[in-house]
Structure formats: C-alpha cells, structure tokens
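Scroll down for the structure; my scribbles are underneath it.
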Amino acid sequence: MRMKRLVVLLMLAGSAQAELDIQSSSDNPRGAERISKMQAAMRERPTQTSSFPTLDQTNAALNKAKLMVGLSAQSIKFHSPSRAAIETLDCSLANEAPSGVERKDGGLNGVMSVYSCGAAYVVTYEYNYEVALTQRVGVLDDDFARHTDKLNPLIKTTAVSRGGTRLTMLRWLSPENQISYEVYADLATSVDDALEQRLRTALRDTALRLSEAKPSAPEEAR
C-alpha cells in the first residue's frame, strides 16, 4: 500500500563506525551510477496504485508488520527527538515502531512514528548513528555532502500529489542523525501548506538542537 521510498543508503564493507558516511557522486562514482539506474527504472515503472494509503491503512500495515516480527514499544531504543515539537502542532501520536539498522547491542538505531494531524497525517523516520552498528552505512547525496553550515541546516523538500492527497517529504541528515517527515494532506480539506511549513520549522529546530549538542572537532583533527 505505501509508496516505496527510494532511500539512497549504501551498506559499506568494513567494520561498523558510529557515524553516517555522507558521500558525493565524485566520492563514489559507481554508487552514483547504480542509484541513477535505480531512479530511472522507478520513473519508467507504471504506478501501481492511484492513491496513497490512508492513516487507518498505514496503522493496520504497521501493526501487522510489528505482530509478524514480534516488535513492541519496549523494542524501541532510540526515542524520537522531534516528537515534543510535532505534538505541539495539534498532532497526536497514533503508532510507532523500531526502524533502521541493527545495533551491536541489539535492536535498531531508529524509530518510525505515525501522527494524526486533523485532515492530514505524518510519518516520521529518525535514526541515530552515534551508536555502534553491525554494519557501516553511507548516504549518497551531493547536496548534503557539500553542506557544512550547522547554523543553517539543509532541509530537502519534495512533493507529489496522487488521488486527492499531497505527499510532502522533508529530510535532514548529518553524520550523527537522519530525520525525514512524510506529510500526507487531503487536498479536499487542506487548502494550504501551513502544516508543512510548521513541520519544516520543527525539523529545523530539531536539527539545530541536535547539531548544537555535538561539539565541533578541532580543525587539525578533521
């Protein structure tokens, strides 16, 4: 039911490191070529569904997945750093589950959260790369690889409409964290982008707070 998200993650050989490896196309030309082919194939593939899943459908699919693998709230080891901000936007938590890459101490390094926000709903994915993982993880993205200004977090936005619903995706990442929001808004009742703008602000504030918590390394140690 859910639109498959093209997550440009690279599982890298070698020992795990407590940091997300953000690479540019020039750093990894083979990876860039592979991703380009994947994106082209997805564009050529016919759309399987005429609409995005509803909140009820998303919750049902998530509950079924959790039941199949025996997950529960107690399985979540990394709690959402942006939940408090989202819940001030007249959004209430509807569901959550562990998500991400396996940690060396067990469990996963992130959390997936589902929020009900009136006529819209929001799905967030938040990952912490400061913990030891069973494998190294890289992201291939030229924009994030070039961006170094922690006081002005880069938040990438993409949007697509289908079947009367607009999906807006917001994404921020750093070597220590990766956060993305998926906002599903009913175009019949949500006539403006106020929620998306408030969520963008919430993500920016969360990014600043997480970045400020990480002291910058001395220049000679970089």
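Under mature numbering (1 follows the signal peptide of the UniProt record, and there is no 0), the residues of the sequence shown are numbered -18 to -1, 1 to 204, in order. For every residue, glycine included, the Cβ atom is placed at its ideal position computed from N, Cα and C. As the structure is a prediction and not an experimental result, all values here were calculated from the model.
Every unbroken alpha helix (DSSP H) within the region 30 to 112, with a cutoff of 4 residues, ordered by chain: Counting whole runs of 4 or more residues, the region 30 to 112 contains the alpha helix (DSSP H) stretches 37 to 51 and 65 to 69.
Those residues which DSSP pairs with T150 across a bridge: A141 and V165
R148 vs L169 beta-carbon contact at 9 Å: yes
Supposed close pair S64, I161 - CB separation, criterion 8 Å: With 8 Å as the limit, S64 and I161 qualify as a contact, their Cβ atoms being about 7 Å apart.
The alpha helix (DSSP H) enclosing D125, as first and last residue numbers: D124 to R128
Three-way DSSP call (helix, strand, coil) for A184 in this model: DSSP places A184 in helix when its eight states are reduced to three.
Distance between I68 and D38 (C-alpha atoms, nearest Å): 20 Å
Helix, strand or coil at Q160 [DSSP, three-state]: strand
Bridge partners - D3, DSSP secondary structure assignment: G120
Cβ pair count under 8 Å reaching 3, the region 148 to 157 against the region 36 to 50: no
Buried versus exposed call for T70 [16 or more other C-beta atoms within 10 Å across all chains shown]: exposed
Among S62, L122, G89 and D125, nearest to Y97 - alpha-carbon criterion: S62
L192, DSSP secondary structure in three states: Here L192 sits in helix by DSSP.
Touching by the beta-carbon criterion (3+ pairs, under 8 Å), the region 127 to 134 and the region 70 to 87: no
Alpha carbon of S33 to alpha carbon of S143, nearest angstrom: 9 Å
Sequence-distant residues of its chain with Cβ nearer than 6 Å to Q3 (five each side left out): According to the sequence provided, residue 3 is Asp. The question's Gln does not apply to it. G120, listed in sequence order.
Beta-carbon proximity check, K48 vs R85, cutoff 9 Å: no
Pick from T106, S57 and A189 that is closest to L75, judged by C-alpha positions: The candidate whose alpha carbon is nearest that of L75 is T106.
Alpha-carbon spacing of M151 relative to C99, whole angstroms: 16 Å
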